[in-house]
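For what it's worth, the numbering used here labels the leading residue of the sequence shown as 75, then goes sequentially. These notes are about the structure you will find just below.
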Amino acid sequence: MTDHLADYNRKDAKERFVFLRNSLLNADFNFQPSGWRYAGDVQDLKRGPVRTQICNEEIVLFKTATGDIVATQGRCPHMNAPLWQGKVVENSIQCPMHGRRFNGRNGACQSHGSDNVRCFPTRVLGTHIFIAADANSAPVFPYFDEAPHTAFAYGRAIYDVVNVPWYLVLANGFDVSHFPYIHGREVLGDSGPLFKGHNRIDIQYALRNTSQLVTDRLLRRLAGDKVQLNYRVFNGNTVLPMTIVKDKASYIWIDVQPVDQRRTRVTMIPVMRVDRQPMWHRYLNGVSLALRSVFIKHFFTAELPYIENIELRPTMLSHNDLPMMEFLHWLKQQNPAVVEAKGNTKLIPLQAEMAQ
């Protein structure tokens, strides 16, 4: 296999490997990253408030009379009644038990003199709702470098719960060595580099499609075997991969949420750029997004039997695991208990960090 440590010279690679391995020996990933979480579809709110759960906290989602999508804590501070069983009154949610009303914009109790409820920032992409896990401060919303969010169309969400720790689901894209064996993607020598920022980490690969899956054989016949993969992780829970085949870019929005220490809920949304399409082509977007969903399912499900119950074993890692080790070291620092709110979104090459 080609040596993919283009960001290191030999001496740096050895020193960095020892540093990262020692860093991971005592790594604690038993935390919930404070990023933006997938919460549901706007269509789910047609019948009224709905319950969702973010970072083990119950949250009520509802649509106000003015059309805003808002999220507050899920239970009334008065006697812990479930607010999702209440009703929307103008821009407020009314408790089903005693009628207390809470403003969806600021959480203020508008009757009966009660404590306020916490409100969570929300964003809507297409029909998909996202909630910031931290009610007090929302991190940078994930984005594609190539164009603003409005330049894309978003397909239906695909859900699955996998028996893999959440941090290893995210680390999958940095695990260079598994691509040929699991996905039928030969990693070419001009892969890299790795970029790191306060709330984002990226890596780039040049790949050759050698898979014998029906969908991959069809892709190879239509567009050739060369693939460029840009793998981006935001805030420790959102992955925005972009693949380029024959100058055509394809995107996915992946939301990763811990269920417990061993299981992870994965939500995948096919994404396509539409701002530069001819008008007639936009009528085919639904079909195109549906086809992308099929490719995503095949690619993802092909891996599941082989990664179930995998574990991080730092003492068994090798130099080929350096990109994954870099990612896990970065992810460890996304723990809300220790992270500094630097507000810095600038990406720096790995070489620059090693020189600091």
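For glycine and all other residues, C-beta sits at the position ideal for the given N, C-alpha and C.
Assign T389 to buried or exposed, taking buried as 16 or more other Cβ atoms, counted over all protein chains shown, within 10 Å of its Cβ.
In the sequence shown, counting from the first residue as 1, residue 389 sits at position 315. It is exposed - the Cβ of T389 has fewer than 16 other Cβ atoms within 10 Å.
Return the CA-CA distance between V240 and H186, expressed in angstroms with no decimal places.
Numbered from 1 along the sequence shown, position 166 holds the residue referred to as residue 240. Numbered from 1 along the sequence shown, position 112 holds the residue referred to as residue 186. It should be noted that the sequence gives Trp, not Val, for residue 240. Those two C-alpha atoms are separated by around 42 Å.
A113: buried (16+ other C-beta within 10 angstroms of its C-beta) or exposed?
On the sequence shown, residue 113 is found 39 positions in, with the first residue counted as 1. By the neighbour-count rule (16 or more Cβ atoms within 10 Å), A113 is buried.
For the alpha helix (DSSP H) containing V288, list its first residue and its last residue.
Here residue 288 corresponds to residue number 214 of the sequence shown, with the count starting at 1. Start and end: 288–297.
CA-to-CA distance, N359 to V162, given in whole angstroms:
As a working note, residue 162 is residue 88 in the sequence shown. As a working note, residue 359 is residue 285 in the sequence shown. Answer to the nearest angstrom: the Cα atoms are 34 Å apart.
By the 10 Å Cβ neighbour count, where 16 or more other Cβ atoms means buried, how is S108 classified, buried or exposed?
As a working mapping, residue 108 is identified with position 34 in the sequence shown. By the 10 Å Cβ count, S108 comes out buried.
Contacting residues, own chain, Cβ-Cβ under 7 Å from E260 (five flanking each side not counted)
One-based indexing of the sequence shown puts residue 260 at position 186. So the list reads P254, L281, R282, T284, once near-sequence residues are dropped.
Exposed or buried, what is A225 when buried is set at 16 or more other beta-carbons lying within 10 Å of its beta-carbon?
Looking up residue 225 in the sequence shown gives position 151. Exposed is the call here.
Quick test of your reading: H372 and L287, contact by CB under 8 Å. State the CB separation rounded to the nearest angstrom.
The sequence position of residue 372 within the sequence shown is 298, counting from 1. The sequence position of residue 287 within the sequence shown is 213, counting from 1. Contact flag correct, Cβ pair sits at about 6 Å.
Distance CB(T138)-CB(G181) smaller than 8 Å
Within the sequence shown, residue 138 is the residue found at index 64, counting from 1. Within the sequence shown, residue 181 is the residue found at index 107, counting from 1. Result no, Cβ atoms of T138 and G181 do not sit closer than 8 Å.
H202: buried (16+ other C-beta within 10 angstroms of its C-beta) or exposed?
Sequence index remark: in the sequence shown, residue 202 carries index 128 (1-based). So H202 counts as buried.
Inter-residue Cα distance where the pair is N409 and F105
Within the sequence shown, the letter at position 335 stands for residue 409. Within the sequence shown, the letter at position 31 stands for residue 105. Cα to Cα, N409 sits roughly 6 Å from F105.
Assess, as a yes-or-no matter, whether the stretch 318–327 is touched by the stretch 85–105 under the definition of 3 or more beta carbon pairs within less than 8 Å.
no
Expected contact under 8 Å - CB spacing of L38 and V198 to nearest Å
The structure shown does not extend to residue 38, since the chain spans only 75 to 430, so no value can be given for it.
Measuring CA to CA, which of I232, I326, E89 is closest to Y217?
The residue given as residue 217 occupies position 143 in the sequence shown. Closest option to Y217, Cα to Cα, is I326.
Simplified DSSP assignment, three categories, for E118:
Walking along the sequence shown from the start, residue 118 turns up at place 44. For the sequence presented, residue 118 should be read as Asp rather than Glu. Three-state DSSP puts D118 in a helix.
Do you know whose CA, among K300, A207, V307, F176, lies nearest E131's CA?
For the purposes of this step, residue 131 is identified with residue 57 of the sequence shown, where counting begins at 1. Ranking the options by Cα distance to E131, first place goes to A207.
Decide if the stretch 84–99 is in contact with the stretch 164–179; the criterion is three or more beta carbon pairs, one per stretch, under 8 Å apart.
no
Extent of the continuous alpha helix (DSSP H) to which P332 belongs
In the sequence shown, residue 332 corresponds to position 258, counting from 1. P332 -> not in any alpha helix (DSSP H); beta strand (DSSP E) instead, spanning 322–332.
Run through the DSSP bridge pairs and tell me what L128 is partnered with.
As a first step, residue 128 must be located in the sequence shown, where it is residue number 54. Checking the sequence shown, residue 128 turns out to be Ile, not Leu. Paired residues: E131.
Alpha carbon to alpha carbon, what distance is there between N190 and N177?
Here residue 177 refers to the residue found at position 103 when the sequence shown is read from its first residue. Here residue 190 refers to the residue found at position 116 when the sequence shown is read from its first residue. If you take the alpha carbons of N177 and N190, they lie about 9 Å apart.
Tell me which residues share the same chain as P151 and place their Cβ nearer than 7 Å to its Cβ, disregarding the 5 neighbours each side in the sequence.
If you number the sequence shown from 1, residue 151 lands on position 77. Around P151: S188, D189, V191.
Going by DSSP in three states, P156 sits in which element: helix, strand or coil?
Residue numbering aside, residue 156 sits at position 82 when the sequence shown is read from its first letter. Here P156 sits in strand by DSSP.
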